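S.K.: Just passing along the structure, written as structure tokens.
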Amino acid sequence: MLEMKLNRARRKRATGSRQRKLSLPPVPPFYERHPLLVLTLLFVFVLSFGWWFRSAFFNSILPGSEPYYHMKISEIVLAKGFTETEFLTGAPRHFLLTPFYVLASNIIYFLGTYSAARLLPPLFSYLSLVLLWALLSLFRISTRKKFFVCFSFVISPAFISLVFLYLPHSFDLFLLLFSVFAIHSRSSFWRLTGLFSSLLLSASGFSHYASFVLIVLFMLRSRNLLKVPSLSRKKFLHLVLLLSSLSFVARFSLFLPKIPFSESLKTLLSAHPLNFQSVLLRSFTIFGAKPGLSLFAVVLSSIALLQGLKRKKVLAPLYILSAVLLLLFLFGSGFSLVVLSLLMAFASGFVIDFFLSRDWSLMVLREFTAWLLVCGLLFAGAVQFSAIIHSRPGPNDVSALKDLSLLCSQKRAVVLSHQDNGFWIEAISDCPSFTDGNALFFPESEWRLQVSERLFRTKELNTARELLSEFNIGYLLIDEPMKSGKVWSLPDDGLLFLLRNNETFKREVMYPGIEIWSTDLS
């Protein structure tokens, strides 16, 4: 009898223990327990693998074309101080002096140009990622949602470009996120620091100013979603918005009179036509935009847009900001693409969490959906990653441009090439390029492109000699893409036919895929 009671008691204890084990909450996955660690490891992997792969299989030269323009402007600011005029094309051209150039010029003074160009993009990209996490933490949202938002942003084409390319956008994004986060701090010191950084940001461009103002307005309207009591700082935030607006108006009222605004606007509109095919090619990474938008992220954002219509009054500033940024992006604003990608990552992260938090009858289907969403977002990032790794300039380009620098030191003259090569010519060889990729604020850009097109197409030696002499063009840089359809389609097209005239043209430098010719007319 006693033994039966003991056995019954043992069975009760075993049953109770099993029930207690079953009632324990499930252990969250590793990325929810250590989200910042996972994001940091992902960031380090993208950075280190990208540089290793490019160095091991291609070259260790800084990729891209536009970064070389910003490197040259930083050097000009270092040499001449607070100036807004450069002579990279041989003629005066204005640029907007932003806080990035001031900071970069000081870092270049201590580290050198190429070291600074390697350090600044990943540094400010990672700091922006940390600030994004801190900013999301101000809202009453779960750790998993914050992780998916940051993950979607890290693998976006725009963020990958920020990590590898020497562009002002990484610092500008850091300044934007820091300003929004700091003005919501409880500390007076950080609030004043955020006010100061918002003034600098607003003076950097219209997209910068619009992004800051509309994000702050969104946070004011969504104060019920915030962990911090924003109502107590409502007057301060209104003061910040007012001073930022004054900073933007004052800065551009001083800058715009320096530039031919109507001509610049005309050039901008002609360079970015709004026909359907052109918009597709410029907008999406999958169609060739480098960088561009992720088509899959656009689909997820559209789903989030439909879900958010229930709270359209709160989300109205973000909808307005998205429309403004999309319009600016279509006209070539790089920073607009960065902030637009950030908003799309915000929407994509919420949609991914929405799908994964549903009750699924089959866990296999849930896992398949999760991997499908992640792979869809990864595809555009992988395309951009591959484009950066394979991008020019290469060793032959740099060697030819250094030889061109020696030629220019003996006889200073303008270099004629395709406009896509202009920034490399100006930065690496230190020679003036007849055309480059910066047509904004430069009224001569349109007719210079017409002159270069006329030179490339002509087979009349007298016409070519006249134009070369008139514009002091002493060198021609011709690469393989120019011969393969970018300029000419046949070996004896236009100017290629005239290069046979040894009295006018002489080949000075030749490497695989690139050659430099001199003229006797400059």
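Residues in the sequence shown are numbered consecutively from 23, following the working numbering. In this text, a Cβ means the ideal position worked out from N, Cα and C, and glycines have one as well. Remember, it's a predicted structure, so these values are computed and weren't measured experimentally.
Among Glu492, Tyr533, Ser474, Asp542, which one has its Cα closest to the Cα of leucine 517?
M.R.: For this step, residue 517 is matched to residue 495 along the sequence shown. Minimum Cα distance to leucine 517 is reached at Ser474.
S.K.: Excluding five sequence neighbours on each side, which residues of the same chain lie with their C-beta closer than 8 Å to the C-beta of glutamate 525?
M.R.: In the sequence shown, counting from the first residue as 1, residue 525 sits at position 503. Excluding residues within five positions, the ones whose Cβ falls inside 8 Å are Asp542.
S.K.: Contact defined as beta carbons within less than 8 Å: I believe phenylalanine 161 pairs with leucine 263. What is the distance between those atoms, to the nearest angstrom?
M.R.: Position 139 of the sequence shown, counted from the start, is the residue given in the question as residue 161. Position 241 of the sequence shown, counted from the start, is the residue given in the question as residue 263. About 20 Å separates the two Cβ atoms, so there is no contact after all.
S.K.: For methionine 385, does the count of other Cβ atoms within 10 angstroms reach 16, so buried, or fall short, so exposed?
M.R.: Within the sequence shown, the letter at position 363 stands for residue 385. With fewer than 16 other Cβ atoms from the protein chains shown falling within 10 Å of its own Cβ, methionine 385 counts as exposed.
S.K.: Contact between the stretch 449-463 and the stretch 478-492: three or more CB pairs below 8 Å?
M.R.: no
S.K.: Can you tell me which of Arg522, Arg166, Asn297, Cys397 puts its alpha carbon nearest to the alpha carbon of phenylalanine 376?
M.R.: Mapped onto the sequence shown, residue 376 falls at position 354. Looking at the Cα atoms, Arg166 is the closest of the given residues.
S.K.: Between which two residues does the alpha helix (DSSP H) holding methionine 14 run?
M.R.: The chain is shown only over 23 to 544; residue 14 falls outside these bounds and no answer can be derived.
S.K.: Between which residues of its own chain and glutamate 466 is the CB-CB distance below 7 Å, once the five residues before and five after are set aside?
M.R.: Here residue 466 refers to the residue found at position 444 of the sequence shown. Ala113.
S.K.: Expressed to the nearest angstrom, what Euclidean distance is found between the alpha-carbon atoms of alanine 345 and leucine 195?
M.R.: For the purposes of this step, residue 345 is taken as the residue at position 323 of the sequence shown. For the purposes of this step, residue 195 is taken as the residue at position 173 of the sequence shown. Taking the straight line joining both Cα atoms gives about 19 Å.
S.K.: Taking the beta carbon of glutamate 479 as the centre, do at least 16 other beta carbons fall within 10 Å, making it buried, or is it exposed?
M.R.: Looking up residue 479 in the sequence shown gives position 457. For the sequence presented, residue 479 should be read as arginine rather than glutamate. Arginine 479 is exposed by the Cβ-count criterion.
S.K.: For the stretch 357-367 against the stretch 271-287, do three or more pairs of beta-carbon atoms, one drawn from each stretch, fall closer than 8 Å, so that the two count as touching?
M.R.: no
S.K.: How far does the alpha helix (DSSP H) with tryptophan 212 in it extend, from its first residue to its last?
M.R.: Stepping through the sequence shown from its first residue, residue 212 is reached at position 190. Its alpha helix (DSSP H) spans residues 210-224.
S.K.: Which runs of the alpha helix (DSSP H) at least 4 residues long sit entirely within the stretch 155-212? Give them in chain order.
M.R.: Complete alpha helix (DSSP H) runs here, min 4: 165-176, 179-186, 191-204.
S.K.: Hey, quick one: how far does the alpha helix (DSSP H) through methionine 366 stretch, first residue to last?
M.R.: Along the sequence shown, one-based indexing puts residue 366 at 344. Looking at the DSSP string, the run of the alpha helix (DSSP H) that includes methionine 366 is 356-378.
S.K.: Using only alpha-carbon positions, find the residue among Pro313, Ser226, Glu482 that is nearest to serine 87.
M.R.: For the purposes of this step, residue 87 is taken as residue 65 along the sequence shown, with counting starting at 1. Here the closest residue by C-alpha is Pro313.
S.K.: Does the count of Cβ pairs from the stretch 406-418 and the stretch 304-321 closer than 8 Å reach three?
M.R.: yes
S.K.: Alpha carbon to alpha carbon, how far is serine 269 from proline 121?
M.R.: Taking the sequence shown and counting its residues from 1, one reaches residue 269 at position 247. Taking the sequence shown and counting its residues from 1, one reaches residue 121 at position 99. Rounded to whole angstroms, serine 269 and proline 121 show a C-alpha spacing of 13 Å.
S.K.: On the criterion of 16 or more Cβ atoms from any shown chain inside 10 Å, does asparagine 523 qualify as buried, or is it exposed?
M.R.: Within the sequence shown, numbered from 1, the residue matching residue 523 stands at position 501. Asparagine 523 should be labelled exposed.
S.K.: Does the Cβ-Cβ distance between phenylalanine 259 and isoleucine 342 come in under 8 Å?
M.R.: Sequence index remark: in the sequence shown, residue 259 carries index 237 (1-based). Sequence index remark: in the sequence shown, residue 342 carries index 320 (1-based). The amino acid at residue 259 is misidentified as phenylalanine; the sequence shows leucine. No. Outside cutoff.
S.K.: In chain order, what residues of the same chain lie with their CB nearer than 6 Å to the CB of alanine 402, ignoring the 5 residues before and after it?
M.R.: As a position in the sequence shown, residue 402 is number 380, starting the count at 1. If we look at alanine 402 and ignore the five residues flanking it on each side, its Cβ neighbours are Pro179, Thr307, Ser316.
S.K.: Look at the Cβ atom of glutamate 108, then the Cβ atom of isoleucine 130, and state whether they are nearer than 8 Å.
M.R.: Stepping through the sequence shown from its first residue, residue 108 is reached at position 86. Stepping through the sequence shown from its first residue, residue 130 is reached at position 108. It is not a contact, given that the beta carbons lie outside the stated cut-off.
S.K.: Considering methionine 532, what are the terminal residues of the beta strand (DSSP E) in which it resides?
M.R.: Taking the sequence shown and counting its residues from 1, one reaches residue 532 at position 510. Taken as a continuous stretch (DSSP letters only), the beta strand (DSSP E) holding methionine 532 covers 527-533.
S.K.: Go through its chain and collect everything with a Cβ distance to phenylalanine 104's Cβ below 7 Å, but skip five positions before and after it.
M.R.: Position 82 of the sequence shown holds residue 104. Leu119.
S.K.: Could you give the first and the last residue of the continuous beta strand (DSSP E) run that contains glycine 496?
M.R.: Taking the sequence shown and counting its residues from 1, the one referred to as residue 496 is at position 474. Start and end: 495-501.
S.K.: Does the beta-carbon of phenylalanine 298 have 16 or more other beta-carbons within 10 angstroms, so that it is buried, or is it exposed?
M.R.: Numbered from 1 along the sequence shown, position 276 holds the residue referred to as residue 298. With fewer than 16 Cβ atoms within 10 Å of its Cβ, phenylalanine 298 is classed as exposed.
S.K.: Can you tell me the Cα-Cα spacing of phenylalanine 132 and tryptophan 382, whole angstroms?
M.R.: For the purposes of this step, residue 132 is identified with residue 110 of the sequence shown, where counting begins at 1. For the purposes of this step, residue 382 is identified with residue 360 of the sequence shown, where counting begins at 1. So the two alpha carbons sit approximately 57 Å from each other.
S.K.: Is it buried or exposed, proline 85, if we count other Cβ atoms within 10 angstroms and call 16 or more buried?
M.R.: On the sequence shown, residue 85 is found 63 positions in, with the first residue counted as 1. Proline 85 should be labelled buried.
S.K.: Do leucine 242 and lysine 256 have their CB atoms nearer than 8 Å?
M.R.: One-based indexing of the sequence shown puts residue 242 at position 220. One-based indexing of the sequence shown puts residue 256 at position 234. For leucine 242 and lysine 256, yes; Cβs fall inside 8 Å.
S.K.: Give the single residue among Val420, Cys453, Gly416, Asp419 whose Cα lies nearest to the Cα of arginine 434.
M.R.: Here residue 434 refers to the residue found at position 412 of the sequence shown. Cα-wise, what sits closest to arginine 434 is Cys453.
S.K.: In three-state DSSP terms, what is leucine 315?
M.R.: As a first step, residue 315 must be located in the sequence shown, where it is residue number 293. Correct three-state label for leucine 315: strand.
S.K.: Quick check on tyrosine 136: buried or exposed, where buried means 16 or more other Cβ atoms within 10 Å of its Cβ?
M.R.: For this step, residue 136 is matched to residue 114 along the sequence shown. When all chains shown are included, tyrosine 136 counts as exposed.
S.K.: According to DSSP, is isoleucine 538 part of a helix, a strand, or is it coil?
M.R.: On the sequence shown, residue 538 is found 516 positions in, with the first residue counted as 1. Here isoleucine 538 sits in strand by DSSP.
S.K.: Assuming tyrosine 497 contacts valine 437 (C-beta within less than 8 Å), just tell me the rounded distance between them.
M.R.: For the purposes of this step, residue 497 is taken as residue 475 along the sequence shown, with counting starting at 1. For the purposes of this step, residue 437 is taken as residue 415 along the sequence shown, with counting starting at 1. Sure, about 5 Å apart at Cβ, within 8 Å.
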